[in-house]
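Chains as they are written, first to last, in my numbering: chain A, -18 to 186; chain B, 12 to 564.
Even glycine gets a Cβ: it sits at the ideal position worked out from N, Cα and C.
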Amino acid sequence: MSAQSPAMTGPTTMVEVERRQVGMPTPLLGMLLFIASEVMFFGGLFAAYFNSRAAHQGVWGPPEGAAPLEILPIALPITIILISSSFTMQFAVWAIRRGDQRALKRWIGVTLALGVLFLLGQLYDYSQLGFGIGDGIFGTTFYTLTGFHGAHVFGGAVGLTILLARSVQGQFSARNHIAVEAISMYWHFVDVVWIALFTTLYFLR
Amino acid sequence: MATTTLTPQAAVYRRSWILEWLTTVDHKKIGIMYIANSFFFFFLAGILALVMRSELAVPGLQFLDDRTYNEAFTMHGTIMIFLFVVPVLAGFANYIVPLQLGAPDMAFPRINALSFWLLPVGGLMIMSGYLFGGAAAEGWTGYTPLSSAYSPGPGTDLWLIGLILVGTASILGSVNFIATIFKMRAPGMTLFRMPIFVWTVLVTMTLILLATPVLTAGLIALFIDRNYGGSFFEPSAGGNPILWQHIFWFFGHPEVYIVILPAMGVVSEVLPVFSRKPLFGYRAFVFATVGIGLLSFSVWAHHMFTTGVVFLPFFSFMTALIAVPTGVKMFNWIATLFRGSISLTTPMLFALGFISMFLIGGISGVMLAEPPIDFHLQDTYFVVAHLHYVFFGGSVMGVFAALYYWFPKMFGRRLNETLGKTHFWLMLIGFNLAFFPMHMLGIQGMPRRVADYSPDAGWTLLNIISTVGAFTIAISILPLMLNVVATFINGERVGDDPWEGNTLEWATSSPPPPYNFDTLPPIRSERPVFDLRHKHDREQLAPALTAESEASS
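What follows is the structure in structure tokens.
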């Protein structure tokens, strides 16, 4: 067996352990794995959506009496807001990689504001739709998918608030800002989910 | 900040041992808490099994009514799977994986503590249905509409919330394990030098990471249906009850491998040590494990053949295909035993019990994968027999092999062999008495999940045998409990490496100190401790072998 031949050389007693961290930092790997599980979570909800949709060929959409879904005046603007927030988040990451703490604070603040704006827009949209979660299978899937996406945006906003507080205290530097990288990964993921959701709900007719 | 001490002296402070255990982030203490918590739920669910077997011993309703019987099998299944087999194996993994990798702890120790503490909370929430007008009663699979329109009480809601918590614990744990395995290995510990147990845990945790969130989505959808007027699974409002089965089994079939793979890993650690041989075909075993993991996502609908909405040939073929990597492992194990110097210690007996009992469960699984047979046997006791040969004959045998094998590592004392062997033989005999007759009952058409049967059906004798078997299993637990208590009081102290093990957990003290290792053996194969023990042989052999390899090359 090939694994045995190197055993013939080198030390044969217990040795001191010298540990080195190589490759991706452990917290980032943890965040990536967590995002993988989130992909499967939304995968389950999307599967439920498409399963229900496939059973209602031609009659899919908001229940009778409610207006059909339109991308204006709300859905498209909040989509643009959320996608922009991904860019501002990335500006924050690039800023702290340069060690620019002022720009970090500014861009995290902007990202947080855009995220909150998205949530407020979504709540306003809910109030205008004219149907609820209990109004048939479309209402159920619509509110579950957008609601859980919104909950994830809210979770991201909490993370951003913590980042903002920590950056105000000057806890991040060019060498030490793993939390910023991790939260930005999560924020981009939430953005991608919304792009999939927006396309599915508003364009896939 | 001009002068900082590089190694500041930590203030010495004393804590009571209760506070120490409640707040610990040490993977070894958390692992032991996982195991203890799991056995608590094991005993609860075991009592429920005895209640059911008592009811089924003879025709007629003696002790229970239909409702309480339904609650009993629902809670038995849910607790055994989600709060015993999965977490107890996660507990052993928690204790052993960082040690086998030569790591000081898990990658995220505090998340590790969180994943543990969610378990008792979720478990008690599931059980608390009994306090609020009746526990969930639709079976551990929670099929809609049994779990929606026909289960109005809060029991099912508590079941859902509890399962979401337990699932979240699993997901956090899987992130932690995968990060640990990829980032915390000692220098020299390449992926293909990792112990087989670590490989099986890696694949298991990947399955948990990708399958459990889908169940969470389904549980939340059901919760929305039940509480917020949703209609995911409600046909009158456009929903589809079969959707639940798809979601549940998309998780549920990987779940079967989540509970069996780590047990296979335990067996693959125990067999080489007590055969005094390396595991036969290490790489084949690794690839078989990965293959099972991949295939497990493409077989879920074999649980749904009789719904009439799934493509039978595909799911039947893919299911039969899983027998191939599983068969590879069987040959790995048998070839490891072949011409080995076998010592029949208690862990070895349980490992051999695993191989033989799991073989029966595997064969009945291939039978059920054939649609014509499945149509006949769906929802009969044959399925109950099959799943117990896999879960009990497989996973639980592996759990006990792990317990007897690693107990000396955890506590420095070896469990008594005589009591251990008594436990094994009683359990093996009781297990086969309890579950083998169920094959026959199933073929004769006895339906599962029904509290009563006709005295004219001719099923009474087999049911009596099965009940006797169930109580024999319960009696087999007594020598185990006696053994654990007696060993804690006055067990044999056996040093750091009583079994002459191969892997790194035996290269530290028993029990290991905080952060596990000061020094490690050089890691140049998957058996570093074996290499270290036989270094003198190797030094003598080295010149000859080097000359030989040079001559041949």
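Is residue i close to chain B, meaning its C-beta is less than 8 Å from at least one C-beta of that chain?
i	result
L57 (chain A)	no
F190 (chain A)	Given that chain A is displayed from residue -18 to residue 186, the structure contains no residue 190 (chain A) and the question cannot be resolved.
V(-2) (chain A)	yes
A(-12) (chain A)	The predicted model places A(-12) (chain A) with a pLDDT of 45, which falls under 50 and marks its position as unreliable; any figure quoted below should be read in that light. Yes, its Cβ sits closer than 8 Å to a Cβ of chain B.
S108 (chain A)	no
A(-16) (chain A)	For A(-16) (chain A), the predicted structure reports a pLDDT of 43, less than 50, and the residue's modelled location is therefore unreliable. The matter cannot be settled from this model.
S33 (chain A)	yes
L185 (chain A)	no
L227 (chain A)	With chain A represented from -18 up to 186, any question about residue 227 (chain A) goes unanswered, as that position is not in the structure.
T127 (chain A)	no
Check whether chain A comes within 8 Å of residue i, counting only Cβ atoms and requiring the distance to be less than that.
i	result
Y239 (chain B)	yes
P533 (chain B)	yes
A346 (chain B)	no
R25 (chain B)	no
V186 (chain B)	yes
G113 (chain B)	yes
A118 (chain B)	yes
I486 (chain B)	no
I175 (chain B)	no
G292 (chain B)	no
I500 (chain B)	no
I269 (chain B)	no
I565 (chain B)	Because chain B spans 12 through 564 in this model, residue 565 (chain B) falls outside it and cannot be assessed.
I258 (chain B)	yes
For a test of your reading of the model: does the CB of residue i fall under 7 Å from any non-hydrogen atom of the ligand FAD? Yes or no.
i	result
L169 (chain B)	Of the ligands one can find in the structure shown there are none, so the ligand FAD has no counterpart to examine.
Does residue i pass the burial test, meaning 16 or more other C-beta atoms within 10 Å, or should it be called exposed?
i	result
P466 (chain B)	exposed
W28 (chain B)	exposed
S108 (chain A)	exposed
H547 (chain B)	exposed
G173 (chain B)	buried
M138 (chain B)	buried
D542 (chain B)	buried
Q38 (chain A)	exposed
G134 (chain B)	buried
R287 (chain B)	exposed
For residue i, go through chain B and note every residue whose CB falls closer than 7 Å to its CB, in chain order.
i	result
H37 (chain A)	G249
Which residues in the same chain have their Cβ closer than 6 Å to the Cβ of residue i, if we skip the five residues on either side of it in sequence?
i	result
V267 (chain B)	none
A180 (chain B)	S126, L129 and L130
A84 (chain A)	A76
A146 (chain B)	E82, M86, G140 and G166
R34 (chain A)	W41
G241 (chain B)	I235
Which residues of chain A have a Cβ atom closer than 7 Å to the Cβ of residue i, listed in chain order?
i	result
K194 (chain B)	T7 and L10
I189 (chain B)	L14
I182 (chain B)	S18
T227 (chain B)	F22
Who are the neighbours of residue i on chain B, taking C-beta pairs under 8 Å?
i	result
E187 (chain A)	Limits of chain A in this structure are -18 at one end and 186 at the other, which puts residue 187 (chain A) out of reach.
M(-5) (chain A)	A518, T530, L531, P532 and L543
I114 (chain A)	I235, Y239, G240 and G241
Cβ closer than 9 Å: which chain B residues qualify as neighbours of residue i?
i	result
I118 (chain A)	G241, S242, F243, E245, A248, G249, G250 and N251
S65 (chain A)	By Cβ distance, chain B contributes nothing, its closest Cβ being about 28 Å from S65 (chain A), past 9 Å.
T121 (chain A)	A232, I235, D236, Y239, G240, G241, S242, F243, E245, A248, G249 and G250
Suppose the cutoff is 7 Å on Cβ atoms and the five residues either side in sequence are ignored; what does the same chain contact list for residue i look like?
i	result
Q71 (chain A)	S165
V301 (chain B)	V214
A68 (chain B)	N474, I475 and T478
A331 (chain B)	V377 and A380
S520 (chain B)	D507
I41 (chain B)	T35, N105, N123, A124 and F127
Just to make sure I have the definition right: I need the residues of chain A whose C-beta is within less than 8 Å of the C-beta of residue i. Which are they?
i	result
L221 (chain B)	A17, S18 and M21
P198 (chain B)	V(-2), E(-1), R0 and R1
L254 (chain B)	A29, N32 and S33
Quick one: what's got a C-beta closer than 8 Å to residue i's C-beta in the same chain, skipping five residues either side?
i	result
G113 (chain A)	G120 and Y124
Mind listing, in chain order, the continuous beta strand (DSSP E) runs of no fewer than 3 residues lying wholly within the region 405 to 441 of chain B?
none
At which residue ranges does the region 163 to 187 of chain B contain complete alpha helix (DSSP H) runs of 4 or more residues, listed in the order of the chain?
none
As an exercise, report each continuous alpha helix (DSSP H) stretch of at least 4 residues that is fully enclosed by the region 472 to 544 of chain B, in chain order.
539 to 544
In the region 24 to 105 of chain B, which residue ranges form an unbroken alpha helix (DSSP H) of at least 4 residues, counting only runs that do not cross its ends?
28 to 34, 38 to 67 and 77 to 89
Please give me, in chain order, every unbroken run of the alpha helix (DSSP H) with length at least 4 that falls completely inside the region 120 to 162 of chain A.
none
For the region 183 to 264 of chain B, which segments carrying the alpha helix (DSSP H) assignment without a break, of at least 4 residues, lie completely within its bounds, in sequence order?
207 to 238
Entirely enclosed beta strand (DSSP E) segments - the region 264 to 340 of chain B, minimum 3 residues
none
Unbroken beta strand (DSSP E) runs of length 3 or more, entirely within the region 331 to 392 of chain B: which are they?
none
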